[in-house]
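Chemist:
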Amino acid sequence: MSKSRSNLCNARMEYPHRLPIALKDGLKNVVVQKGEATQSIADQEKIKALFPATYGAPAVTFVKGEAADVRPLTIGVVLSGGQAPGGHNVIAGVYDGVKSASSESRVLGFLNGPGGLVDGDFMEISDSIMDTHRNSGGFDLIGSGRTKLESEEQFKACVDVVNKHKIDAIVIIGGDDSNTNAAVLAEYFAVNKVACSVLGCPKTIDGDLKNQYIETPFGFDTATKTYAALVGNIARDAISAKKYWHFIKLMGRSASHIGLEVELQTHANICLISEEVEAKKMTLQEVVKGMADIVAARAANGKTFGVALIPEGLIEFIPEIKSLISELNDALVHVEKEVEAAVKVEDKVALISKHLTPNSSAVLAKLPEGIQAQLLLDRDPHGNVQVSLIETEKLLIEMVKNDLKSRDDFKGKFKALNHFFGYEGRCAHPSNFDSNYAYSLGYSAAVLAQNNLTGYISSVRNLVDDVENWTAGGIPTSMLMNIERRHGQDKPVIQKALVELDGAAFKEFEQNRDDWAINDDYFYPGAIQYYGPTEVCDSITETLRLGS
Ligand code: FBP
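For the sequence shown, position 33 matches number 33 in my numbering, and the numbering has no gaps at all.
Spelled out as structure tokens, the structure:
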């Protein structure tokens, strides 16, 4: 990174990331306290059978004390899945952690995701490389990827790499699918007596990797603050110009955590929550009618403008489309090649429809051609529909327009613009919160490695308090797992944490949404503040503050 390029970049490298009190004096002065044995979130018997060597281990907490076995460690780090602000700080935490145990410790960064681990493709991290990436956004230091680790061949290749380079631990920094990779690899190593720990760190802007031990994944704080700044700017433009409705799709995959958090930070007029749509079994037409009612009510008050937030995964939660997607996932396993080879969308639809129930086939037929094509696209390597490519915001604008046209009593104007905020937030410089949090997660992974724990994910808690009072430790990754259908098969995967409709964050939105829909109570949070008054710079997300 060139010194002359950006002052903020340079200034951020100097930001003194902070640690919880238990970790402050380095690995020589941390000991592990073991808690109760754990179990998986669901499907306990099946998960136990699939993870016999790593299942049920206790959650652990770190406390100050003289560590018994401190030795130089060689740790391999992998960045996996979508970018999230703070990734470089996890590596910095691992690096500083193992170096605090011994200056002979080494950190190897595997290139471009789990594929780099399989291929033995890595770079060694040095002081100077590390120092030019501290507190910076992006995953460009070593790159990322979405390779799924599942074949015997891949596992054997990992064993060879680990043995060849005498690696003591692999730390996989990723979301639900990547940490599933980590759990499966940990189990393989444990069963095959490979003396190398496999650990995870909870990363994802989506906010859906959490339980009582993981209060939030890193990246969510910065990404939501970045989107909230943009949404606030748009709201202010809307209320200034008074001529457009802005339909904004927000990244976040299945769960609506990002949409809900941005709504709480900005008070946009409409915010759809996919989990509510599913719980109320709403059809697409009902979702559209609800939006059109708000547009019409505002128009009746002379307000022909507004802001609507749409979660990226909405379409997957509309019950009829959810069933369609699940049938498509199973059917595509059999006719993927033929569907791919067909040039026209109508031919693709005709081919796949033969494998669908009459209901799903009818639902698919009614969707606009663009959405049909997007639903038939390749799944990602973990079997997920690529919802970021589905243009729900455009679909909703068209449908709301048609709904309003059909109303005799709607005399207003409806001019709508579409936006998609996703990639804009994934590589921002991490906020103070994410800088400290990601660094602490990495440091905790170093402690887990030093204590030969495997199949664990770093857990740093009490995040509503000052950093010093955060508690650090780890939980067995198997705690987060359940069985789900992927690529037409039942697989052990980490369960995505969805928005809880009885949680405090959703309740806060529910109590205020009618007011925010009609009255313009917009908040304009502005850009992320790195330096200045602590109540501004060190603020936490509304989701954490409200407690869900
Ligand atoms: P993960 O953190 O689970 O990898 O996903 C992050 C994410 O940004 C999702 O919100 C989004 O749907 C997806 O990645 C987009 O994937 P890609 O980067 O492959 O376009």
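All C-beta atoms, glycine included, are put in the ideal place defined by N, C-alpha and C. Owing to the predicted nature of the structure, the values given are computational and were not obtained by experimental measurement.
The ligand FBP and R379: does the residue's C-beta get closer than 7 Å to at least one heavy atom of that ligand?
Modeler: Checking the Cβ of R379 against the ligand FBP gives no.
Chemist: Tell me the residue span of the alpha helix (DSSP H) that contains Q511.
Modeler: That run of the alpha helix (DSSP H) goes 504–518.
Chemist: When DSSP labels each residue in this structure, what does D208 get in the three-state scheme?
Modeler: In the structure shown, D208 sits in coil (DSSP, three-state: anything other than H, G, I, E or B).
Chemist: Identify the continuous alpha helix (DSSP H) that holds A416 and give its terminal residues.
Modeler: From DSSP, A416 is part of no alpha helix (DSSP H) but of the beta strand (DSSP E) over 416–421.
Chemist: May I ask which residues mark the beginning and end of the beta strand (DSSP E) holding Y531?
Modeler: From DSSP, Y531 is part of no beta strand (DSSP E); its letter is neither H nor E.
Chemist: Can you tell me whether T357 is buried or exposed? The criterion is at least 16 other CB atoms within 10 Å of its CB, across all chains shown.
Modeler: It counts as exposed.
Chemist: Hey, how far is the Cα of G175 from the Cα of S80?
Modeler: Distance between the alpha carbons of G175 and S80 is about 8 Å.
Chemist: Which partner residues does H246 have in the DSSP bridge list?
Modeler: Looking at the DSSP assignment, H246 forms a beta bridge with V307, L417.
Chemist: Cα-Cα, which of L376, I41, V191 is closest to K622?
Modeler: Because the chain is modelled from 1 through 548, residue 622 falls outside the range shown and cannot be assessed.
Chemist: So what's Y55 in DSSP terms, helix, strand or just coil?
Modeler: Correct three-state label for Y55: coil.
Chemist: Would you say the stretch 425–442 touches the stretch 82–99, given that touching needs at least three Cβ pairs under 8 Å?
Modeler: They touch, by the three-pair rule.
Chemist: Of the residues W245, A183, L117, which one's Cα is nearest the Cα of F51?
Modeler: If we check each option's Cα against that of F51, A183 comes out closest.
Chemist: With a threshold of 8 Å, are at least 3 pairs of Cβ atoms found where one atom belongs to the stretch 98–115 and the other to the stretch 217–236?
Modeler: No, the stretch 98–115 is not in contact with the stretch 217–236.
Chemist: From S2 to R71, what distance separates their C-alpha atoms?
Modeler: Its pLDDT being 49, under 50, S2 is placed unreliably by the model, and the measurement read from it follows with that caveat. Their Cα atoms are separated by approximately 36 Å.
Chemist: Which residue wins for smallest C-alpha separation from F247, given the options I41, A472, F414?
Modeler: Comparing Cα positions, the closest option is F414.
Chemist: Using a threshold of 7 Å, is the CB atom of D177 nearer than that to any non-hydrogen atom of the ligand FBP?
Modeler: The answer is yes for D177.
Chemist: Helix, strand or coil, according to DSSP, for L19 in the structure here?
Modeler: Of the three classes helix, strand and coil, the one that applies to L19 here is coil, per DSSP.
Chemist: Give a yes or no on whether the C-beta atoms belonging to I371 and L309 are separated by under 8 Å.
Modeler: The answer is no: Cβ separation not under 8 Å.
Chemist: Could you give the first and the last residue of the continuous alpha helix (DSSP H) run that contains G456?
Modeler: Per the sequence shown, residue 456 should be read as Tyr rather than Gly. Looking at the DSSP string, Y456 is not in any alpha helix (DSSP H); the run it does join, the beta strand (DSSP E), is 456–461.
Chemist: Whole angstroms are fine: how far does the CA of M282 sit from the CA of P558?
Modeler: With the chain covering only 1 through 548, there is no way to say anything about residue 558.
Chemist: Should G82 be counted as a contact of the ligand FBP given a C-beta to heavy atom distance under 7 Å?
Modeler: G82 Cβ: within cutoff of the ligand FBP.
Chemist: Using 8 Å as the Cβ pair cut-off and three pairs as the minimum, do the stretch 325–340 and the stretch 279–297 touch?
Modeler: No contact exists between the stretch 325–340 and the stretch 279–297.
Chemist: Taking just the CA atoms, how far does N10 sit from A279?
Modeler: Taking the straight line from one Cα to the other gives about 47 Å.
Chemist: Is it a yes or a no for the stretch 129–143 touching the stretch 35–53, going by three-plus beta-carbon pairs under 8 Å?
Modeler: No contact exists between the stretch 129–143 and the stretch 35–53.
Chemist: Nearest to D380 by alpha carbon, out of V118, D177, I129?
Modeler: It is D177.
Chemist: Ignoring anything shorter than 4 residues, give me the alpha helix (DSSP H) runs that lie fully in the stretch 292–364, in order along the chain.
Modeler: Those alpha helix (DSSP H) runs which fall completely within the stretch 292–364 and span 4+ residues are 314–317, 319–341, 345–353.
Chemist: Among the residues of its own chain, which have a CB less than 8 Å from the CB of R407, if the five just before and after it don't count?
Modeler: Excluding positions up to five away in sequence, the list reads A292, A296.
Chemist: Have a look at H257, E369, N135, A235 and flag the residue whose alpha-carbon is nearest the alpha-carbon of H496.
Modeler: The displayed chain sequence assigns Lys, not His, to residue 496. Comparing Cα positions, the closest option is H257.
Chemist: For E110 and A169, what's the separation of their Cα atoms in angstroms?
Modeler: Sequence check: residue 110 is Phe here, not Glu. Their Cα atoms are separated by approximately 12 Å.
Chemist: My understanding is that T74 touches I475, with C-beta atoms under 8 Å, so please give their C-beta distance in whole angstroms.
Modeler: Not confirmed; about 24 Å, so no contact.
Chemist: Under 7 Å from any heavy atom of the ligand FBP, does the C-beta of G422 make it?
Modeler: Checking every heavy atom of the ligand FBP against the Cβ of G422, one is found closer than 7 Å.
Chemist: Please return the same chain residues whose Cβ sits closer than 7 Å to the Cβ of K243, not counting the five positions on each side in sequence.
Modeler: Taken in chain order, the residues that qualify are T304, F305, K415.
Chemist: Shortest alpha-carbon distance to S361 belongs to which of E391, V387, K322?
Modeler: Comparing Cα-Cα distances from S361 to each of E391, V387, K322, the minimum goes to K322.
Chemist: Hey, out of C201, K166, V307, whose CA is closest to D236's CA?
Modeler: Reading off the sequence shown, one finds Arg at residue 236, where the question assumed Asp. Selected option, being the one with the closest Cα: V307.
Chemist: Hey, how far is the Cα of E393 from the Cα of A59?
Modeler: Each residue's Cα considered, the two are about 42 Å apart.
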